[in-house]
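Every position in the sequence shown, counted from 1, becomes a number in this note's numbering once 111 is added.
Accompanying notes for the structure given below.
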Amino acid sequence: MGNLATFSVAAYDSQLNAWGVAVASKFLAVGNIVPWVRAGVGAVATQAYANTRFGRDGLDRMAEGHSATDTLAYLLESDEERESRQLGLVDSHGSSATFTGSDCHSWAGGIAGTGYSIQGNILAGPEVINAMAETYEHYRSSFLWKMYHTLLAGNQAGGDRRGRQSAAIYIEKPGGGYGGHNDRWVDYRVDDHLDPVGRLAELLRLHELYFGESADRDKLPLSGSHLTNLQDIMLRHRYYSGVPDGIYDSPTKQALDAFIGSENFEERVDLENGTIDQPVYEYLLEKFGAGS
112 MGNLATFSVA AYDSQLNAWG VAVASKFLAV GNIVPWVRAG VGAVATQAYA NTRFGRDGLD
172 RMAEGHSATD TLAYLLESDE ERESRQLGLV DSHGSSATFT GSDCHSWAGG IAGTGYSIQG
232 NILAGPEVIN AMAETYEHYR SSFLWKMYHT LLAGNQAGGD RRGRQSAAIY IEKPGGGYGG
292 HNDRWVDYRV DDHLDPVGRL AELLRLHELY FGESADRDKL PLSGSHLTNL QDIMLRHRYY
352 SGVPDGIYDS PTKQALDAFI GSENFEERVD LENGTIDQPV YEYLLEKFGA GS
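Below, the structure written as structure tokens:
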């Protein structure tokens, strides 16, 4: 296997009770190898001449209650090729550990801080890791975007000195998956792209559009001009055959059920209470145009 010249962040958010890994590399489909995450347990990034067993075994070890530091020592102890490995771990309490073997290609190194571990190899220089740590420490936003902007900072500081090819972000939290049926909250990969970190941002914005949550103040009533505009769109696209009158009656509700289902926005429209999240309403108007 080739060397994963990679920079990554493994992290824990105590408010969300979420764990994740964000990673980028001049390597095909880096998200298929580096990130390993388990809700309630921790996160592992395994890279350089990656030993993928470290992901599974590391999570199993931390699930037994061992710390990130103890787990790291356990994984390395039995690996005869440990000096070619690079690892970052965060456990269920947010304690972290990182390791860079002496045979990893320069520049290589890492930083372990409270709730995060950052590491990289074959980098432009130490400024990549330093920029990532600075961003993680000071970025004030959602955990998802904090992870992304940490990765972006490394990319902008030079990243993998060989170039760019793939990026990924994987986050788990209990019940965070679609419909609350699993823990896989965010799982996006850009496997082969000229600007993988930039493309990853586009996917994350779509993620927020389709699966985000709006505060009550940002929920629009399905009535009046809001509904008239949607009825007009549905009329033009043959979901609705009535008059765009802004009245939320049974035919309109049935048409909305079909239209919203076709656009995959079930998570952001409440047909029973007659509301639609404002970002989705604005997106639909931009996509389809009202009155055009």
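Glycine residues also receive a C-beta, built at the ideal position from the N, C-alpha and C atoms.
Using the Cα positions of residue i and residue j, report the straight-line distance between them to the nearest angstrom.
i	j	result
residue 179	residue 370	48 Å
residue 214	residue 327	54 Å
residue 203	residue 285	12 Å
residue 334	residue 372	19 Å
residue 247	residue 240	11 Å
residue 280	residue 134	6 Å
residue 232	residue 118	7 Å
residue 188	residue 224	23 Å
residue 291	residue 217	43 Å
residue 315	residue 299	8 Å
residue 306	residue 144	19 Å
residue 140	residue 276	8 Å
residue 238	residue 168	31 Å
residue 359	residue 391	18 Å
residue 230	residue 397	41 Å
residue 389	residue 331	6 Å
residue 340	residue 365	16 Å
residue 137	residue 278	9 Å
residue 121	residue 250	15 Å
residue 356	residue 329	23 Å
residue 149	residue 321	23 Å
Taking the beta carbon of residue i as the centre, do at least 16 other beta carbons fall within 10 Å, making it buried, or is it exposed?
i	result
residue 449	Residue 449 is absent from the structure shown; the chain starts at 112 and stops at 403.
residue 207	buried
residue 271	buried
residue 184	exposed
residue 157	buried
residue 146	buried
residue 348	exposed
residue 393	exposed
residue 324	exposed
residue 160	buried
residue 375	exposed
residue 228	buried
residue 362	exposed
residue 342	buried
residue 293	exposed
residue 266	buried
residue 164	exposed
residue 400	exposed
Between residue i and residue j, which are expected to be in contact by the criterion C-beta below 8 Å, what is the C-beta distance as a whole number of angstroms?
i	j	result
residue 382	residue 368	6 Å
residue 310	residue 301	5 Å
State the DSSP-derived secondary structure class of residue i, mapped to helix, strand or coil.
i	result
residue 347	helix
residue 138	coil
residue 179	helix
residue 184	helix
residue 363	helix
residue 321	helix
residue 352	coil
residue 118	strand
residue 303	coil
Quickly, what does DSSP pair residue i with across the bridge? List them, please.
i	result
residue 283	130 and 295
residue 271	234
residue 330	388
residue 214	The partner list for residue 214 (beta bridge, DSSP) is empty, contrary to what the question assumes.
residue 200	155 and 208
residue 220	231
residue 149	153
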